[in-house]
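Working notes, structure below.
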Amino acid sequence: MLRITGGKVYDPANGVNGEVKDVCICDGRIVPEVEGGRTIDATGMVIFPGGVDVHTHVAGAALNFARAMIPEDHRRAEPFVRTQTRRGGIGGATPTTYVTGYLYAGLGYTTVNEAAVPILSARHTHEELADTPIVDKSCCVLMANNEILLDLIEAGELERARHVVAWNIWAAKAYGVKAVNPGGVAAWKWGKDAKGLNEPVPGFSKVTPRQIISALAGIVDELGLPHPVHLHCNNLGAPGNVSTTLETMKILEGNRAHLAHLQYHAYGGDDWPTMRSESVKIAEEFNARKNLTTDAGAVLFGDTVTITADGPWQHLLYKLTGRKWGNIDVENETGCGVVPYTYKEKNLVNAVQWAVGLELLLLIDDPWRIYLTTDHPNGAAFWRYPEIIQLLMDAEFRKEQLKRLTPKALKRIVLPELNREYTLYEIAIITSAGPARALGLTHKGHLGVGADADVAVYNDTSNVAQMFAYPRYVIKGGEVVLEEGEIRKTVEGKGIVVRPAYEQKIEDYIRPLFQQYYTMSFDNYPVEMERIEHPDIRPCKQPTV
Amino acid sequence: MSQTILTLKERPHVPLEAELLSPDVIAPLGHDEVRALPVVLGKRQRRLDEFFDIEGAGSEDLVIRGDAGRVKWIGRGMTRGKITIEGNAGMHLGAYMKGGAISVSGDVSDWVGGEMAGGLIHIGGNAGGQLGAAYRGSLSGMKGGTILVEGSAGIELGMRMRRGVIAVKGPVRDFAGLQMKGGTIVLLGGAEIRTGAWMVRGTIVSLKPIRLMPTFTFACAYNPTFVRLYAKSLQARGFSMPYEDRAGAYRRYTGDTSVPGKGEILVWQPSAVQ
């Protein structure tokens, strides 16, 4: 039993805006009142629901590949020495599994969504997630380049496709569906990309990215998944991709969808030298389309590593940087590319990217529909979130930072004209309440009675970056895991999964295709439930079909 | 000027990590503070005086005596002063150094001068592999400074180096100048195979005929002016490099065209009539 008293509570889901009130915890949940137990005096502090990261890359084959590729980052990264309460490891752009848990908890984050899992490496992903302590974990399975599914969409067999998707989600023990560069990664196996939404995907005769997007968004809604289709649009990172993104938003009309890392999809111009921000157009369209949510995918200057299933884009990035490049083809399902990258202030493209992430966060008027992310580790490592919070809350600081850009870059962005400043209430929305709602996690992201007792307590100071980088207390599932900057207790988080409905006989359809095309036998493919540590199977809404 | 003399009691059985053996660290310290400096043996932290007899207070002039072939990281990141090693030195000697001078009378191990940015390392004996190289994963190796080797050197000499000079009197093993991005390597005793593989820029000068990869193209034979400057500078340190027209000419090969790169390998060809 635990009582947190005297702190200002920011609980946007319940409309609580800085009110001083007690938060009571019993048996891992928020309760109206407790008798006895420990009391934490939070006078002079603010109380937030534990952070929820809607889009991050923290486990699995691609991330591990990146870890192996960047020894130079490990050399300069912060080492974590083993203590009584935590294991050893290393931080940096791709922290080790245990350190990932400590670092997230160290920011007051208690739930993370691993955004891209191929089914073939889902088992590996779950093993790593099991070794990521403290935080609760969910993951999205990659679908938009799965050849079995693409064949069905091409043939117009959407009913069967729905069962295949549902079967795949359960096979991967996933929580949602991710679509990365629909058709583009499949095309990459032919050395090509899918740039036009209405042109057939190379390697197929008819199916177009538009059809894939529309089919997946529809299927996810029909299955009643708590989280809508999680879409990484086509033409990521390319100058002029604003038209693709706007067109994609139109395709999604009538369905729910989450657009991942929108920053990378809001560029104008027709080539690198002419690249400019189109965040105004994107935000205008997005503001009007209430069926959509998004996350920023903001960029911070410095060294990092980019990891995405978007193989063709990564090849282009490799050609641009001349640095290391890793590529993986995941049989019939997807692919992946890894390229270490440095975002530089004086580089026009990087400066525009930095500005666009912030512009979208400031121009999209409803904080309930845009969430704080860096597409970790692509835009910057997640442990740099407090730097972004400072940029959002302090317009003066933002103006100072703008001085670091070149005059040419300043002409390509709108950030200097934006004076909006986020309030603590809005920060609580974009870091916790909003993403929890988008993920359909009704017991997360708020401090109402019955919610999971995931709580972050920060100092109430004007030094925002420091305040959010060093929480005073972090409580996960009712346990005080972090106190005065130290991990005090390492609890194990839950594995959040869904079980959508499918006809058992769909296996009779998939099995022979497997035997024909896959290197792995069908029976070894699905991840067993026993692999998920502390599973939490969330309900689907009543299927609409 | 005062000196700090450290005499190794015996060659350690496992490597001793002693990155604090640097003038930057030792100069301001008193005798007792120097003795108490932490070093790491295996996974245990120990005191410096458990391994060395120490004479004098801290100074900018360190003398290390004995077979320090298992003492790693001497002079790491140093910016000034001088280290004289009377004996051998272990891995990572002078890694990341920015200034000052290190001289070793004996042999040194691998990764000496790794990613150094300035200063001078003079090796009286033979050097191991990855001399002046980039550590694994890094974009650039040596970024400045000079490394002189009286004896031979191992593989991947100057790997990814970007600036600075490495000169070796004895033979050098495979992959000298691997992925080189700039700077100059002078091979007085030639090299084994795959010299300059994947080099993008920079100059490798060989005074002995070497086996060139097929991805290097012959350009011309000449005596470039800059060679004369290097020759005069190196001559003062006892490394002699011919440069006069009557003695011969350098055959210039460009490559590595497989990258494609704009590097050059200059191979000295003495004139037939002397």
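One line per chain: the protein sequences are W and H, in this order. For the first sequence, this note's numbering gives the first residue as 40, with consecutive numbering after it. For the second sequence, this note's numbering gives the first residue as 291, with consecutive numbering after it. We put the CB at the ideal spot given by N, CA and C, even for glycine.
Alpha carbon to alpha carbon, how far is residue i from residue j?
| i | j | result |
| --- | --- | --- |
| G441 of chain H | E300 of chain H | 25 Å |
| W227 of chain W | M531 of chain H | 53 Å |
| P425 of chain W | A504 of chain W | 5 Å |
| Q123 of chain W | A305 of chain W | 47 Å |
| G230 of chain W | W352 of chain W | 11 Å |
| G586 of chain W | E324 of chain W | Absent from the model: residue 586 of chain W. The displayed extent of chain W is 40 to 584, so no value can be given. |
| N458 of chain W | V216 of chain W | 36 Å |
| E350 of chain H | I413 of chain H | 20 Å |
| E456 of chain W | I428 of chain W | 19 Å |
| G279 of chain W | S316 of chain W | 9 Å |
| C65 of chain W | I79 of chain W | 14 Å |
| P461 of chain H | M387 of chain H | 25 Å |
| I456 of chain H | Q293 of chain H | 28 Å |
| A98 of chain W | I367 of chain W | 16 Å |
| P241 of chain W | D232 of chain W | 8 Å |
| A308 of chain H | G359 of chain H | 12 Å |
| E435 of chain W | V85 of chain W | 23 Å |
| D400 of chain H | A144 of chain W | 41 Å |
| T369 of chain H | L477 of chain H | 27 Å |
| K320 of chain W | L270 of chain W | 19 Å |
| I392 of chain H | L298 of chain W | 57 Å |
| M449 of chain H | K433 of chain H | 11 Å |
| I475 of chain H | I494 of chain H | 5 Å |
| R484 of chain H | D546 of chain H | 10 Å |
| L102 of chain W | L191 of chain W | 30 Å |
| E166 of chain W | Y425 of chain H | 31 Å |
| V324 of chain H | Q335 of chain H | 15 Å |
| L298 of chain H | V394 of chain H | 15 Å |
Where DSSP assigns a beta bridge to residue i, which residues make up the other side?
| i | result |
| --- | --- |
| D397 of chain H | Per DSSP, none; premise fails for D397 of chain H. |
| H269 of chain W | W:K217, W:H297 |
| I571 of chain W | Partner(s): none; I571 of chain W has no beta bridge. |
| S318 of chain W | Answer by DSSP bridge pairing: none, since S318 of chain W is not bridged. |
| Y143 of chain W | Beta-bridge pairing links Y143 of chain W to no other residue. |
| G90 of chain W | W:Y148 |
| C579 of chain W | BP columns for C579 of chain W are empty, so no partner. |
| W558 of chain H | H:Y540 |
| F508 of chain H | H:Y543 |
| N498 of chain W | W:M84 |
| Y306 of chain W | W:S316 |
Kindly list, in the order they appear in chain H, the residues whose Cβ is closer than 8 Å to that of residue i.
| i | result |
| --- | --- |
| R126 of chain W | Simply none; closest approach about 16 Å. |
| R162 of chain W | Going along chain H, no residue has its Cβ under 8 Å from R162 of chain W, so there is no contact; the nearest lies around 28 Å. |
Contact defined as beta carbons within less than 8 Å: I believe residue i pairs with residue j. What is the distance between those atoms, to the nearest angstrom?
| i | j | result |
| --- | --- | --- |
| G348 of chain H | A317 of chain H | 5 Å |
| G365 of chain W | M108 of chain W | 5 Å |
| D499 of chain W | G45 of chain W | That belief does not hold up - the Cβ atoms of D499 of chain W and G45 of chain W are roughly 11 Å apart, past 8 Å. |
| F506 of chain H | Y543 of chain H | 4 Å |
| P88 of chain W | A472 of chain W | 6 Å |
| V180 of chain W | A205 of chain W | Contact flag wrong, Cβ pair sits at about 11 Å. |
| P172 of chain W | T529 of chain W | 5 Å |
| V93 of chain W | P446 of chain W | About 35 Å; that fails the 8 Å criterion. |
| V203 of chain W | T347 of chain W | No, V203 of chain W and T347 of chain W are not in contact; Cβ-Cβ is about 24 Å, not under 8 Å. |
| R106 of chain W | T133 of chain W | 5 Å |
| V488 of chain W | V70 of chain W | 6 Å |
| A423 of chain H | E446 of chain H | 6 Å |
| L236 of chain W | T283 of chain W | 6 Å |
| F340 of chain W | Y382 of chain W | 5 Å |
Show which residues of chain H have a CB atom less than 9 Å away from the CB atom of residue i.
| i | result |
| --- | --- |
| R121 of chain W | Here the premise fails: no neighbours, minimum Cβ distance about 12 Å. |
Give me the chain H residues within the contact set of residue i, using Cβ-Cβ distance strictly less than 7 Å, ordered along the chain.
| i | result |
| --- | --- |
| R328 of chain W | Within 7 Å Cβ-Cβ: nothing; R328 of chain W doesn't reach chain H, min ~43 Å. |
**Report entry** Near-chain H residues of the segment 90-110 of chain W (beta-carbon distance less than 9 Å), N- to C-terminal order
**Finding:** If the cut-off is 9 Å between Cβ atoms, the segment 90-110 of chain W has M108, I109, P110 near chain H.
Query raised in the report: Between the segment 424-441 of chain H and chain W, which residues of the former have a C-beta closer than 9 Å to a C-beta of the latter?
Result: A424, Y425, R426, G427, S428, L429
Query raised in the report: Just by C-beta distance, which residues in the segment 451-478 of chain W are closer than 7 Å to chain H?
Result: none
Query - Proximal residues, the segment 47-77 of chain W versus chain H, C-beta separation under 7 Å - result: none
Query raised in the report: Which residues, in order along the segment 270-295 of chain W, keep a beta-carbon less than 9 Å from a beta-carbon of chain H?
Result: Within the segment 270-295 of chain W, no residue qualifies.
**Report entry** Interface positions of the segment 395-413 of chain W facing chain H (Cβ-Cβ less than 9 Å), listed along the chain
**Finding:** Residues passing the 9 Å Cβ filter: none.
Query raised in the report: Just by C-beta distance, which residues in the segment 497-511 of chain W are closer than 8 Å to chain H?
Result: Under the 8 Å Cβ criterion, the segment 497-511 of chain W contributes no residue.
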